[in-house]
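Numbering follows this note's numbering, with no gaps: position 121 of the sequence shown is 951.
Okay, structure first, notes after.
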Amino acid sequence: KYYMNLTSTEEIPLPDAVVSWYDNVYQPFEKLILGENILASGFDFDIVPADVDETALPGEPARAYVLRVARNKAEHVAQRIADGRVILAADTVVVVGERLMGKPADEIEAASMLRSLSGTVHDVHTAVVVVSGGRALEDVVTTRVRFNPLTESEIGWYVGTGETAGKAGAYAIQGLAAR
831 KYYMNLTSTE
841 EIPLPDAVVS
851 WYDNVYQPFE
861 KLILGENILA
871 SGFDFDIVPA
881 DVDETALPGE
891 PARAYVLRVA
901 RNKAEHVAQR
911 IADGRVILAA
921 DTVVVVGERL
931 MGKPADEIEA
941 ASMLRSLSGT
951 VHDVHTAVVV
961 VSGGRALEDV
971 VTTRVRFNPL
981 TESEIGWYVG
991 TGETAGKAGA
1001 YAIQGLAAR
């Protein structure tokens, strides 16, 4: 049996069932990475988009915000799929100073986000929620990221790759932004 243990207090057995993975804007690279890991463990999975409001509430702390959005995604999918499958939901937010950065609306906002991140050390919060049999496990992981200073040319090149679309903070650390 496989187990998912996100907290030290409880384990949820993961049956040989379909694991549902989704995000509002689903990225093929994420499917490749997650899919290879889940399939290597012997699980099948479906992608189920969750249409939830990702607007931060006034004064909402970053960790509370990202966990709320991941919970909402899990609940949204759980209401639509009531067949006992395990649901895995996640969300990520990038924080520089007091600014929460979700997904950029367009290339102009993506370039603005990258300018703000250039030369900074910032936090990336990722919330994960697993729902199974009416029970839920959740966790938030924080990663501190150091960005080298970026030139306008580098920002323009990266935005032009299209990788900024659908990415919190307009970058994918596991992608071209790692160079």
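A virtual CB, placed ideally from N, CA and C, is assigned to each residue, including glycine.
Integer Cβ distance of residue i from residue j, believed to fall under 8 Å
{"i": "residue 930", "j": "residue 988", "result": "Between residue 988 and residue 930 the Cβ distance is about 21 Å, and since that is not below 8 Å, they are no contact."}
{"i": "residue 952", "j": "residue 975", "result": "6 Å"}
{"i": "residue 963", "j": "residue 914", "result": "7 Å"}
Closest residue to residue i among the options (Cα-Cα distance)
{"i": "residue 997", "options": "948, 968, 932, 975", "result": "932"}
{"i": "residue 1051", "options": "928, 1003, 1002, 973", "result": "Any property of residue 1051 remains undetermined from this structure, which presents the chain solely from 831 to 1009."}
{"i": "residue 882", "options": "902, 890, 876", "result": "902"}
{"i": "residue 916", "options": "876, 1005, 891, 884", "result": "876"}
{"i": "residue 922", "options": "942, 967, 884", "result": "884"}
{"i": "residue 986", "options": "965, 1002, 942, 890", "result": "942"}
{"i": "residue 984", "options": "1006, 890, 891, 918", "result": "1006"}
{"i": "residue 967", "options": "1002, 1003, 918, 999", "result": "918"}
{"i": "residue 1003", "options": "990, 979, 973", "result": "973"}
Beta carbon of residue i nearer than 7 Å to that of residue j
{"i": "residue 950", "j": "residue 925", "result": "no"}
{"i": "residue 900", "j": "residue 920", "result": "yes"}
{"i": "residue 961", "j": "residue 904", "result": "yes"}
{"i": "residue 940", "j": "residue 994", "result": "yes"}
{"i": "residue 806", "j": "residue 977", "result": "This structure does not reach residue 806, given that the chain is present from 831 up to 1009, and the question cannot be answered."}
Using 8 Å as the threshold, is the region 903-910 in touch with the region 927-942, meaning 3 or more CB pairs across them?
Touching, no.
Under 8 Å, with one C-beta from each stretch per pair, do the region 889-902 and the region 948-963 reach the 3-pair mark?
Contact check between the region 889-902 and the region 948-963: three or more CB pairs, one atom from each, fall below 8 Å, which counts as touching.
May I have a chain-ordered list of the beta strand (DSSP E) segments no shorter than 3 residues that lie completely inside the region 951-978?
List check, beta strand (DSSP E) in window: 951-962, 965-976.
Would you mind listing the alpha helix (DSSP H) stretches within the region 924-950 that are 4+ residues and don't spill past its ends, in chain order?
If only uninterrupted alpha helix (DSSP H) runs of at least 4 residues are considered, those enclosed by the region 924-950 are 937-947.
In chain order, what are the residue ranges of uninterrupted alpha helix (DSSP H) at least 4 long that sit wholly in the region 871-904?
The qualifying runs do not exist here; there are none.
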